[in-house]
Amino acid sequence: MKRREFITLFCGSTFAVWPLVSFAQQLRIRRIGILLGTSENDPEAQRRVAAFVQSLREIGWTDGKEITFEKRYSGGNPERLQSLAAELVQSKVDVIVTEAAQAVDAARKATANIPIVMSYIGDALASGYVATLARPGGNVTGQTLVATDQAAKRLELIKSLMPGIQRVAILSNGRVQADDRSRRFDELWSQPGRHVAAQRILRRQNIQRSRPRDPAD
C-alpha cells in the first residue's frame, strides 16, 4: 500500500471512529452508590430508595439503562459503615448517595474525589461537611435540615408560641460530630432565668428516659 493511501485510510478510519467513541462514552452506564445505616428490609428505607429511583426515572435516568445502583446497608450497625463505604469506592461508583451523619462521615473518609450527595443531615455547615451553604466546596453537597445561623429565627418562633418559656432542651446524636447549636442557642438565650439544656444520646433507648441537665441544677 502506498504511503498516501495508508494515510488516507488511517485518517478516514480515525475520523469515523471518533463519533462512535464519543457516542459510546455518552451511553456509559453511570453507577450510583447508596449507603444507608438501616436494614435493607426497613420499610422507611425502602420507601425513600424507591422514591429516589422513581424521581430519576422521571427525568430520564432508568435503572439498567442509563444508570445502575450499588446499594449497601449497615443493618443498624454504624461500625459497618466504613467498610461498606470502602466497598462502594472500590466498585468505582460515580456518586455516593447517603443520609445521616454517620454514613456521611464514613463516605468522606472513604473518598475525597467521588461526589457525595447527603440528606437528613442535622447541620452540614457546623459539622464541617460544607464550607458554606451557598458554596459547599469539596466533594460533598446535598440537603441540611438545620443551619446554625438560623438559631435566632428558631428561638423567635419558640418564644412567640410559648412566651413564658424559660428552658430549651436540645437532644443530639452522641455518636456523631457535635455541632454549634447548643452554644449558639445558649448565646441567644442568655438572660436571667433562661437556660439551654443539652443532652447527647448514645442509644435509642435513652431517648424516652432522657432528661437534659439544666446548668442551673
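Every number in my numbering is 20 more than the matching position in the sequence shown, counting from 1. Glycine is no exception: its CB is placed at the ideal position from the N, C-alpha and C atoms. It should be emphasised that the depicted structure is a prediction, and the values quoted were computed from it without experimental measurement.
A127 beta carbon less than 8 Å from that of I116: Their beta carbons are under 8 Å apart, which means I116 touches A127 by this criterion.
In the DSSP assignment, the beta strand (DSSP E) including S139 goes from what residue to what residue? For S139, the uninterrupted beta strand (DSSP E) run begins and ends at I136 to I141, by DSSP.
For the putative contact between V90 and V124, defined by C-beta atoms under 8 Å, what is the C-beta separation to the nearest angstrom? In the sequence under discussion, the amino acid at residue 90 is Glu, which differs from the Val named in the question. The pair is not a contact, with the Cβ atoms about 17 Å apart (cut-off 8 Å).
List the DSSP bridge partners of V241. Here the chain covers residues 21 to 237 and nothing more, so residue 241 does not appear.
By Cβ distance below 6 Å, which residues in the same chain neighbour G53 in space, the five residues on each side in sequence not counted? Around G53: E90, L108, V113 and I116.
Taking 7 Å as the limit between beta carbons, can you name the residues of its chain near A132, skipping five residues before and five after? Excluding positions up to five away in sequence, the list reads N159.
Can you look up K112 in the DSSP assignment and give me helix, strand or coil? DSSP places K112 in coil when its eight states are reduced to three.
Should the region 75 to 85 be regarded as contacting the region 139 to 149, the criterion being three or more beta carbon pairs within less than 8 Å? The region 75 to 85 vs the region 139 to 149: no contact.
So if DSSP puts F72 in a beta bridge, which residue, or which two residues, is it bridged to? According to DSSP, F72 bridges with nothing at all.
With 16 other Cβ atoms within 10 Å as the buried cut-off, status of Q186: By the neighbour-count rule (16 or more Cβ atoms within 10 Å), Q186 is not buried but exposed.
Taking its Cβ as the centre, do 16 or more other Cβ atoms sit within 10 Å of T152, making it buried, or is it exposed? The residue is exposed, with fewer than 16 neighbouring Cβ atoms inside 10 Å.
If you follow the beta strand (DSSP E) that G162 is part of, which residue opens it and which one closes it? Following the DSSP letters along the chain, one finds G162 inside the beta strand (DSSP E) bounded by residues V160 to T164.
Could you give the DSSP three-state label for F43: helix, strand or coil? The predicted model places F43 with a pLDDT of 41, which falls under 50 and marks its position as unreliable, so this point remains unresolved.
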